[in-house]
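A short write-up of the structure that comes next.
There are 2 protein chains.
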Amino acid sequence: MIEQPKQEAFLYEQVASNIADLIRQGTFRPGERVPSVRQLSRQRKISITTVLQAYMLLEEQGLIETRPQSGYYVRSRLAMGLPEPEISTTAPDPTRVSVRELVMMVLEDSTNPGLIQLGAAIPNPELIAAGKLNRILAKLAREAKGEINQYDIPPGNEALRIQIAQHAVEPGCNLTPADVVTTSGCLEAITLSLRAVCHPGDAVAIESPMYFGILQVLESLDLRALEIPTHPRDGISVPALKFAIEHNPIHACLVLSNFNNPLGSCIPDENKQELVELITDHEIPLIEGDVCGELYFSGTRPRVCKAYDHKGLVLLCSSFSKDLVSGYRVGWIVPGRFKATIEWLKYTTNVATASLPQLAIAQFMASGGYDRHLRSIRRIYASFVAQMSQAVMRYFPQGTRVTRPNGGFVLWVQLPDYADSLELYKQALPAGITLAPGYMFSATQQYHNFLRLNAAWWSYEAEKAVRRLGELVAEQEGLTEKHPTS
Amino acid sequence: MIEQPKQEAFLYEQVASNIADLIRQGTFRPGERVPSVRQLSRQRKISITTVLQAYMLLEEQGLIETRPQSGYYVRSRLAMGLPEPEISTTAPDPTRVSVRELVMMVLEDSTNPGLIQLGAAIPNPELIAAGKLNRILAKLAREAKGEINQYDIPPGNEALRIQIAQHAVEPGCNLTPADVVTTSGCLEAITLSLRAVCHPGDAVAIESPMYFGILQVLESLDLRALEIPTHPRDGISVPALKFAIEHNPIHACLVLSNFNNPLGSCIPDENKQELVELITDHEIPLIEGDVCGELYFSGTRPRVCKAYDHKGLVLLCSSFSKDLVSGYRVGWIVPGRFKATIEWLKYTTNVATASLPQLAIAQFMASGGYDRHLRSIRRIYASFVAQMSQAVMRYFPQGTRVTRPNGGFVLWVQLPDYADSLELYKQALPAGITLAPGYMFSATQQYHNFLRLNAAWWSYEAEKAVRRLGELVAEQEGLTEKHPTS
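Here the protein sequences come in this chain order: A and S. Anchor point for the first sequence: position 27 equals 26 in numbering that gives the first Met the number 0, and the numbering is continuous, going up by one each time. Anchor point for the second sequence: position 138 equals 137 in numbering that gives the first Met the number 0, and the numbering is continuous, going up by one each time.
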């Protein structure tokens, strides 16, 4: 925030300087009107004359121009905003960067069109069902009466909850629309679930590695993460979880059951059943994320843990952000016995989820468009993941390992032990590439030589980027002694 | 959630019974297709024959019908869903109702088209800028490329932040777009602010009475409310707040500075300045809600406390939900020195606010449509509030008092001391009227004989409802001894 001038001397100069700041910082942009003389006089409690003097000064400085009978405008010959910061100046210094800051930087990278996007797990913008879905939204918006734009208070849009309940038959659930609460995406569903079943200081057993967003949620809620060994293909180790539960006070478990992010692991059906029996025996709530469940590459839709839940202890969380559209911000939760608390927490978080996006998705699902869309993108993501996997094998140095997921669109890469993924992130940015360093995927920073790659944007450019990353990793070998990773 | 059958005997009957339940509960509705025989066989791990037997039974029961080469469908002669629950069965028993449950009931009332809406402070659906704004949204959706439907990560949509910064000149702020973080409505902004500046157990000084949603947020975050005397016209008493700060550990202050909900009070400029000086002297963050600031009935746009903030201690929270459109769920926060924390908490809450609604509002503002819309609704709400106020005076018993707000659209009514607002809520529901009992507006339940009325939906029907309420209040007089209010 720019402070207002305080001294009364040369008041008009200070007013001019303040308006000039607002122009330079982008509040008023070339061609836009600045506040009228009367408006500014009233608001700043200064005389009309002072404002006129200030505006004359700004005119002299070439910042604004007057248009007859219309007012003062920012001159359009000004440069259109400031240049983007240079990539190198935003590169993190690993000795000063906390994981929180690193996460926020990797997220910010995701909005930089100048970077090859191998970092944030963002679906390919070409592969979200923009066309038909957006046309449904457009039609709804054109025809919408006032009612449709009111608060869609919890449990949320009924038409959408009916479609979600229908769609849950495939992964093995018998739901009624009343079992579903809609949310603004899956991370909101998970945040609400954790708030419903835990108190600050509680311990939550999680798969490891774990999507960094969820680790940040745990940190923001002052919860402790207990990382359970997790198989790159079969997900959480149920025996290890059993041991942990028997030796620690665990207040909730949290798994990404189908195509875990970043591992791509999928818990086999029998393990899911065993997992639900375990948590049921101990009366521990299980929060289950399933955002990639529809993105299976072959066979049938994997079941969800919720399918085995007869006591209402599983809170199934999902969204349309990975397989349909991220920017609509629509997800849901099947909260079992915690429904009243979840609805109340949803209300206190933001009252309701946006109405029209929910209704558009409901109509898209009812028309069969969602299923058709899923059938087409499954094949594409399967091909992208296979091609990226081959590229990693081809271009990365000996000793590299990579997951073989059967769904989703991310790969988890284990580099040779000498390599450091944060160093690699720093080196890759000036080369125009962003990636997700392994550090972000654990509360105990144990994945120094791992990284997650997003295959969703696979292209010739992405392949070149993978080759460049392989070279950068290989170059790290000689530097190991100068930059110890511990 | 409906449990799956467990015994294997008469398996097809159990499958049929389960599908019948899903039909009765609305997961599959008349005319819709039920899962295919193959799908159900695969998912339940039962034979095709068993599924066929089950579907034949459902056909005999008249629940589904087969369509050649297409599958099984729910028969359309079924009643279209269950009837609405009768109003009298949802009426609360005051001796068993917590404020939390009462709040959720009053919210649910707001979605019941059979009730005269004097309860939740929902703007009139005829007075939200549905037409032009929705056309902008429709155009954006039709033309949208994939990028536009990606995550609009914090601080949120830039075009909207520019408009918000420009619009903040009128209430006295000098903001750059970088000072603003967009949110999913104002309550989310307030929740994020409280999480950014407080820890569980901390005390927050608030105006009293206070909008019940904010009290619920405090409860959900395990914060304690310290209620400060508040004048029905001038808002929070700064001397009383000063005394409280000097005698209690206060971790944050929270005020609805312009047209407080439910009081309609507006803190005078000099008090705002004094308030900011007070919290600055004590380094206490001030969370300022301003959702009704644009809805002034006369004179100029009231300033915000943020206009006097030179230390970044004021977190200004607002939204478009009361003056433009509720269902888009778009708000914002100007978080001052807490910006990095707010962005991080926004990310961990739900990653981002929906993209297209933000962009549509930005274009509507840039076109001047927002200002034109505000000019027209201000006059209407001023007239509605005046008419409702007169009706309360005319129809309510002697001893009733009512606020005289200069903005917003709610009235705060003090009934004679014998009256009980929860009893009135119970009596009004069967008469088809919903209102907001005073109990909801305080953590200490001190407003037993107060109620908030929403004037936004003023109509001939609403006037009749106010008259009926007046009669019901008058009838309570004789019952006082039978139903003591303490």
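Every residue, glycine too, gets a C-beta built ideally from N, C-alpha and C. From a predicted model like this one, the values you see are computed outputs, not experimental measurements.
Locate the beta strand (DSSP E) running through residue i, then write down its first and last residues.
i	result
Pro-238(A)	Run containing Pro-238(A): none in the beta strand (DSSP E); it sits in the alpha helix (DSSP H), 237-246.
Ile-332(S)	330-333
Ala-251(S)	251-255
Leu-39(A)	From DSSP, Leu-39(A) is part of no beta strand (DSSP E) but of the alpha helix (DSSP H) over 36-43.
Ala-204(S)	202-206
Arg-555(S)	Shown here, chain S extends from 0 to 485; a query on residue 555(S) therefore has no answer.
Leu-56(A)	It is not in any beta strand (DSSP E) - Leu-56(A) instead sits in the alpha helix (DSSP H) that spans 47-59.
Glu-64(A)	63-66
Arg-223(S)	223-227
Looking at the C-beta of residue i, does it have a partner C-beta in chain S at a distance below 8 angstroms?
i	result
Leu-373(A)	no
Val-168(A)	yes
Gly-406(A)	no
Glu-276(A)	no
Val-196(A)	no
Leu-428(A)	no
Thr-190(A)	yes
Glu-282(A)	no
Glu-64(A)	no
Ile-127(A)	yes
Considering Cα atoms alone, identify which of the options is closest to residue i.
i	options	result
Pro-396(S)	Phe-296(S), Ile-115(S), Met-104(S), Glu-474(S)	Glu-474(S)
Gln-68(A)	Arg-74(A), Arg-41(A), Phe-211(A), Val-36(A)	Val-36(A)
Gly-118(A)	Val-472(A), Ala-464(A), Ile-161(A), Leu-471(A)	Ala-464(A)
Thr-48(S)	Val-33(S), Phe-27(S), Phe-9(S)	Phe-9(S)
Gly-234(S)	Glu-100(S), Leu-253(S), Arg-393(S)	Leu-253(S)
Pro-208(A)	His-447(A), Leu-373(A), Pro-356(A)	His-447(A)
Pro-124(A)	Ala-455(A), Glu-470(A), Ser-354(A), Leu-468(A)	Ala-455(A)
Ser-320(S)	Ile-379(S), Glu-276(S), Glu-476(S), Tyr-369(S)	Tyr-369(S)
Asp-322(S)	Ile-63(S), Gln-52(S), Leu-126(S)	Leu-126(S)
Cys-304(S)	Pro-170(S), Leu-220(S), Gly-130(S)	Pro-170(S)
Ser-382(A)	Arg-371(A), Trp-457(A), Leu-414(A), Pro-415(A)	Trp-457(A)
Glu-293(A)	Arg-23(A), Glu-218(A), Leu-468(A), Arg-371(A)	Arg-371(A)
Leu-410(S)	Arg-41(S), Arg-451(S), Tyr-394(S)	Arg-451(S)
I'd like to know whether the C-beta of residue i is nearer than 8 angstroms to at least one C-beta of chain A.
i	result
Ala-353(S)	yes
Arg-99(S)	yes
Pro-231(S)	no
Pro-267(S)	no
Ala-177(S)	yes
Gly-234(S)	no
Ser-109(S)	yes
Ile-244(S)	no
Ser-69(S)	no
Ser-219(S)	yes
Ile-161(S)	yes
Met-103(S)	yes
Pro-436(S)	no
Going along chain A, which residues have a C-beta under 9 angstroms from residue i?
i	result
Gln-215(S)	Trp-343, Tyr-346, Thr-347
Ala-19(S)	Neighbours of Ala-19(S) on chain A: none; closest Cβ ~12 angstroms, over 9 angstroms.
Can you pull the chain A neighbours of residue i, defined as C-beta to C-beta under 7 angstroms?
i	result
Glu-460(S)	Within chain A, no residue comes near Glu-460(S); the closest Cβ sits about 16 angstroms away, beyond 7 angstroms.
Ile-121(S)	Gln-149, Tyr-150
Gln-42(S)	Val-168, Glu-169, Gly-171
Ala-164(S)	Thr-26
Thr-299(S)	Arg-41
Pro-199(S)	Pro-199
So residue i is in the alpha helix (DSSP H); what residue range does that whole segment cover?
i	result
Leu-193(A)	185-196
Strictly below 9 angstroms CB to CB, what residues from chain S border residue i?
i	result
Leu-106(A)	Tyr-150, Ile-152, Pro-153, Tyr-346, Val-350
For a contact defined as C-beta to C-beta under 8 angstroms, what are the partners of residue i on chain S?
i	result
Gln-38(A)	Val-168, Glu-169
Glu-476(A)	The premise fails here: Glu-476(A) is roughly 35 angstroms from chain S at the closest Cβ pair, so nothing lies under 8 angstroms.
How would you list, in chain order, the residues of chain S whose beta-carbon sits under 7 angstroms from the beta-carbon of residue i?
i	result
Gly-184(A)	Asn-349, Val-350
Pro-261(A)	What Pro-261(A) touches in chain S: nothing, since even the nearest Cβ is about 17 angstroms away.
Using only the heavy atoms of the ligand FMN, determine whether one of them is closer than 7 angstroms to the beta carbon of residue i.
i	result
Val-14(S)	As presented, the structure is devoid of all ligands, the ligand FMN included, so that no description of it is given.
Worksheet entry | Contact residues within the region 132-155 of chain A, judged by C-beta distance below 9 angstroms to chain S | Against chain S - using a Cβ distance shorter than 9 angstroms - the residues of the region 132-155 of chain A are Leu-132, Asn-133, Arg-134, Ile-135, Leu-136, Ala-137, Lys-138, Leu-139, Ala-140, Arg-141, Glu-142, Ala-143, Lys-144, Gly-145, Glu-146, Ile-147, Asn-148, Gln-149, Tyr-150, Asp-151, Ile-152, Pro-153.
Practice prompt. Quick one: which residues of the region 324-358 of chain A get their C-beta closer than 9 angstroms to a C-beta of chain S? List them in chain order.
Written response: Residues of the region 324-358 of chain A whose Cβ lies closer than 9 angstroms to any Cβ of chain S, in chain order: Val-324, Ser-325, Gly-326, Tyr-327, Arg-328, Val-329, Gly-330, Val-333, Gly-335, Ala-339, Glu-342, Trp-343, Leu-344, Tyr-346, Thr-347, Thr-348, Asn-349, Val-350, Ala-351, Thr-352, Ala-353, Ser-354, Leu-355, Pro-356.
Item to complete: Report the residues of the region 10-35 of chain A with a CB closer than 8 angstroms to any CB of chain S, ordered along the chain.
Response: Against chain S - using a Cβ distance shorter than 8 angstroms - the residues of the region 10-35 of chain A are Asn-17, Asp-20, Leu-21, Gln-24, Gly-25, Thr-26, Phe-27, Arg-28, Glu-31, Pro-34.
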